[in-house]
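**Student:** Here it is, the structure, as structure tokens.
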Amino acid sequence: MPADDEMPDANGEHRDSSDILPPPATLPPPSGPPTGGAADGSQEPAAAGFIANPAESAGTYALPAAAQHAQMLQEEAIKQVDLRRRMRATVVPVIDADVRDTLRQLGEPVTLFGEQEMERRARLRKLLAAMDEDEKVEKLGAPEPEQYVEAQVQTEKFYTEGSPALKAARLQIAHWSLERAMDRISSAKRKRESPDEDEVAEIQKTLGVTRRVVGQSSEFGDERPIWACQFSPSGTELATAAWSGLVKVWAVPACQKTRTIKAHDNRITGLAWHPHAGAPGQPDTAPILATGSADMSARLWSASGQELHRYLGHTDRLGRIAMHPMGRHLGTASYDQTWRLWDLETGDCLLEQEGHSRSVYAVAFQPDGALAASGGLDAVGRVWDLRSGHSILALEGHVKTILSIDFSPNGYQLLTGSEDHTAKIWDLRKRKVLYTLPGHTSSVSQVKFEPNDGYYFMTAGFDNTLKLWTAHDFKMTNTLAGHEGKVMGADISPDGSGLIASVGYDRTIKLWAPEG
């Protein structure tokens, strides 16, 4: 697309906007004396609405008020185009500390309320573009030969040496994920080729169940808003985490509380079950849950409520967290613009991953375990290869913060929910967005694929509703309304029963299931 200050002409060629703006309106000189003049030679208003300009010759006429206003707007537009041109040609410091020093020299506020580094740099660029060279020299002095040199594009790859523990973790993830991928692909082939398998009928049956989902129960869950909920791997328990710092575990579908853990003194921002929680023969000291908090820490808990490990290192509050399906690693997103990979057993940080220009809010792992995805306040999602550490795909399309990410069980589809009121389906094979779902009227706080086959998925939003969608043609099959406040978290049971749980700002836990 052409830039704001360029427009195509009729022949498809691009011209500057100043080339196509019409000159100031003038009238041709009249062929005869002005009509309607008074006897003493003074001019009366002409029939066309113009009056004679006494300062000029009798053949020149002033513009009407509407035309004068249009000419002023045209001149202002030309000034803005010229300013944008000069802004593109203006170089500014690339380090935030230098940007602050330059603003201080100009006598401008060093930072505005809520202003980020990129916005501060753009403000300085606009200020410098509006100044002439003499004014710059007067306030900033003569620039050094290499001052304000833009960072050159790195054309060669560079690598940061990792620890031996990270190398070992990458090898474990690679071997484990390859076996999982082989099993998944073999199962998909068997379903497609076996005459005893009717996948189309199975999909239609599952979607018919989603149309019958209704509210089953509602329970007051905490004294403060409940931020997150997640079913245990067996589907027999539901964990909820609230801004009070409490984690509560409920037996489902009866929705009876079985235990309470005082996990944090600050509000909880993330919750994840261990993939082996509840396995037969596990002792009470085995890990079952991990939590993340605004206190900048993540913690691992046992079935008895004992704290097993505390993961410290982030320099700002945490966002969502996710447990790697292998059960040995934890992923945490943070407002310090990084996400980290932790060793569950040792508590060591294996990887501190940068790549986002603003805070990282969500993180998720592919069911195979080979990939991770992160989303942040920069409205960009990124897919990472855990086996090599490379960023293999940027998910660009949202215009506001990405609040939630989830992988499909098929391994190649990814679902994102955003503050821009939409959810998007991405295809990792085609490396593009497949569909945008504009089903909510407010932020989409949670997205979740059905964890077994992925035939449908769920979105929850701050418009107090949950919506169920088909995964093959992206049609909405059901809307679940019942919360009196924002729906802040939701999950689908992995036991195949179609049970759905949701929690929200109204401090309630609601269970939804197929009628009958």
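First residue of the sequence shown? That's 30 in this note's numbering, and the numbers climb one at a time after it. Where a beta carbon is used, it is the ideal one built from N, C-alpha and C, also for glycine.
#1: Leaving aside the five residues before and after P354 along the sequence, list all residues of the same chain whose C-beta is less than 7 Å from its C-beta, in chain order.
#2: Check whether the region 419-430 and the region 233-243 are in contact - that is, three or more C-beta pairs closer than 8 Å.
#3: Within 10 angstroms of the Cβ of Q97, are there 16 or more other Cβ atoms? Answer buried if so, exposed if not.
#4: Is the CB-CB distance between T430 and V392 below 8 Å?
#5: For the alpha helix (DSSP H) containing P193, name the first residue and the last one.
#6: So, at 7 Å on beta carbons, what are the nonlocal neighbours of A203 in its own chain, with the 5 sequence-adjacent residues on each side left out?
#7: Starting from D127, trace the alpha helix (DSSP H) both ways and give me its first and last residue.
#8: Under the DSSP definition of a beta bridge, which residues are partnered with D414?
#9: On the DSSP letters alone, give me the boundaries of the beta strand (DSSP E) that L341 sits inside.
#10: Would the beta-carbon of A315 fall within 8 Å of that of S331?
#11: Indicate whether E500 and G483 have their beta-carbon atoms separated by less than 8 Å.
#12: Under three-state DSSP, which class holds Q311?
#13: Would you report the Cα separation of E544 and G527, rounded to the nearest angstrom?
#14: What's the call for P224, buried or exposed, on a 16-neighbour Cβ count within 10 Å?
#15: For the ligand NAP, any of its heavy atoms closer than 7 Å to the Cβ of A489?
#16: Assuming L463 is part of the beta strand (DSSP E), what are its boundary residues?
#17: Who are the near neighbours of Q475 in its chain, counting only those whose CB is closer than 6 Å to its CB and skipping five residues on each side?
#18: Starting from the C-beta of P282, find all residues in its chain whose C-beta is less than 8 Å away, skip the five residues before and the five after it, and write them out in chain order.
#19: According to DSSP, what are the bridge partners of T488?
#20: If we ignore side chains and look at the alpha-carbon of each, how far apart do G342 and T320 end up?
#21: Let me know the secondary structure DSSP gives Q395 once reduced to three states.
#22: On the criterion of 16 or more Cβ atoms from any shown chain inside 10 Å, does T451 qualify as buried, or is it exposed?
#23: Might you give, ordered along the chain, the residues of its own chain that have their beta carbon closer than 7 Å to the beta carbon of G334, omitting 5 neighbours on each side?
#24: Quick check: the Cα distance between V276 and I350, rounded to an integer number of angstroms?
#25: Excluding the 5 residues flanking S206 on each side, which residues of the same chain have their C-beta closer than 6 Å to its C-beta?
#26: In this structure, how does DSSP classify A510 when only helix, strand and coil are distinguished?
#27: Under 8 Å Cβ to Cβ from V128, same chain only, skipping five residues before and after it: list those, please.
#28: Output the boundary residues of the beta strand (DSSP E) element that contains L153.
#29: Given a cut-off of 8 Å on the beta-carbon distance, is the pair V516 and L495 in contact?
#30: With C-beta atoms as the reference, is D358 less than 8 Å away from L373?
#31: Please report how far the alpha carbon of L132 lies from the alpha carbon of V139, in whole angstroms.
#32: Along the beta strand (DSSP E) that carries Q285, what are the first and last residues, could you check?
#33: What residue range is occupied by the uninterrupted alpha helix (DSSP H) comprising E231?
#34: Just verifying my parser: in three-state terms, what is the DSSP assignment at I421?
#35: Going by Cα to Cα distance, which pick from L318, R346, E266 is closest to S294?
#36: Since L457 is in the beta strand (DSSP E), which residue starts that stretch and which ends it?
**Tutor:** Based on what the coordinates show:
#1: So the qualifying residues of the chain are P304, F394, P396, G398.
#2: Contact between the region 419-430 and the region 233-243 is not established, with fewer than three Cβ pairs separated by less than 8 Å.
#3: A residue is called buried once 16 or more other Cβ atoms fall within 10 Å of its Cβ, and Q97, having fewer, is exposed.
#4: Not a contact, by the Cβ cut-off of 8 Å.
#5: Counting along the chain, the unbroken alpha helix (DSSP H) around P193 starts and ends at 193-222.
#6: For A203, where only same-chain residues beyond five positions count, the Cβ hits under 7 Å are R416.
#7: Element bounds for D127: 125-134.
#8: Answer is L400, bridged to D414.
#9: It spans 336-341 - the beta strand (DSSP E) in which L341 sits, taken as one unbroken run.
#10: Yes, the Cβ-Cβ distance between A315 and S331 is below 8 Å.
#11: Before going on, a small fix: residue 500 reads as Ala here, not Glu. The answer is yes: Cβ separation under 8 Å.
#12: The answer is coil: DSSP assigns Q311 none of H, G, I, E or B.
#13: Each residue's alpha carbon lies about 10 Å from the other.
#14: Burial state of P224 is exposed, judged by a 10 Å Cβ sphere holding fewer than 16 other Cβ atoms.
#15: The ligand NAP is not part of the structure shown, which contains no ligands of any sort.
#16: Segment 461-466, the beta strand (DSSP E) holding L463.
#17: Sequence-distant partners of Q475 (beyond 5 residues in either direction) whose C-beta falls short of 6 Å from its own C-beta, in its chain, are S433, A489, G518, A519.
#18: Excluding sequence neighbours, P282 sits near Q245, S246, L528, L540, A542.
#19: DSSP, once it has assigned bridges, lists V476, K496 as partnering T488.
#20: Cα to Cα, the separation comes out at about 15 Å.
#21: Three-state DSSP puts Q395 in coil, outside helix and strand.
#22: T451 should be labelled buried.
#23: Counting only residues of its own chain and dropping the five nearest sequence neighbours on each side, G334 has a CB closer than 7 Å to the CB of R288, I290.
#24: Distance between the alpha carbons of V276 and I350 is about 15 Å.
#25: Cβ within range, chain order: D397, G398, A399.
#26: Of the three classes helix, strand and coil, the one that applies to A510 here is strand, per DSSP.
#27: Taken in chain order, the residues that qualify are V121, P122, E146, R149, R150, L153.
#28: Where L153 is concerned, there is no enclosing beta strand (DSSP E), although the alpha helix (DSSP H) around it starts and stops at 146-158.
#29: Yes, the pair counts as a contact, with Cβ atoms nearer than the cut-off.
#30: This sequence places His at residue 358; Asp is not what is there. Using a Cβ distance threshold of 8 Å, H358 and L373 count as a contacting pair.
#31: About 6 Å.
#32: Under the DSSP assignment, Q285 falls in the beta strand (DSSP E) whose first and last residues are 285-291.
#33: 228-239 is the span of the alpha helix (DSSP H), which, as asked, contains E231.
#34: Looking at I421 - three-state DSSP - the assignment turns out to be strand.
#35: Note on residue identity: the sequence assigns Asp, not Ser, to residue 294. It is R346 whose Cα lies nearest to the Cα of D294.
#36: In the DSSP assignment, L457 falls outside any beta strand (DSSP E), carrying neither H nor E.
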